[in-house]
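These notes are about the structure you will find just below.
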Amino acid sequence: MYRDIEDLYSEYYQELYKYIYLMTLNKYDTEDILHNTFIKVMKGIKSFKNQSTIKTWLFFNRS
10 MYRDIEDLYS
20 EYYQELYKYI
30 YLMTLNKYDT
40 EDILHNTFIK
50 VMKGIKSFKN
60 QSTIKTWLFF
70 NRS
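To convert, take the position in the sequence shown, counting from 1, and add 9; that gives this note's numbering.
Below you can see the structure in the form of structure tokens.
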């Protein structure tokens, strides 16, 4: 599993940004949603139970 939230942030920030931007088409909304996504990740990382990939958990349960 990932050592800390910084690992997840470093690995998935750009990909999540693109994913969210395609839905919002707005830089500021994308940044707000992405910020909130990583807050949810920090609060909910203990709920990740390896029933899916961490990427699936991030994209579909947190963003």
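Using N, Cα and C, we set each Cβ at its ideal position, and we do this for glycine too.
Return yes when the Cβ of residue j is within less than 8 Å of the Cβ of residue i, no when it is not.
i: residue 54; j: residue 29; result: no
i: residue 64; j: residue 21; result: yes
So residue i packs on residue j, CB below 8 Å; how close in whole Å?
i: residue 46; j: residue 31; result: About 15 Å; that fails the 8 Å criterion.
i: residue 50; j: residue 67; result: 7 Å
Near residue i, which residues of its chain fall below 6 Å by C-beta distance, leaving aside the five closest residues on each side in sequence?
i: residue 60; result: none
Could you name the residues of the same chain whose beta carbon sits closer than 7 Å to that of residue i, not counting the 5 residues immediately before and after it, in chain order?
i: residue 39; result: 26, 29, 30, 33
i: residue 57; result: 63, 66
So, at 8 Å on beta carbons, what are the nonlocal neighbours of residue i in its own chain, with the 5 sequence-adjacent residues on each side left out?
i: residue 43; result: 22, 25, 26, 29, 72
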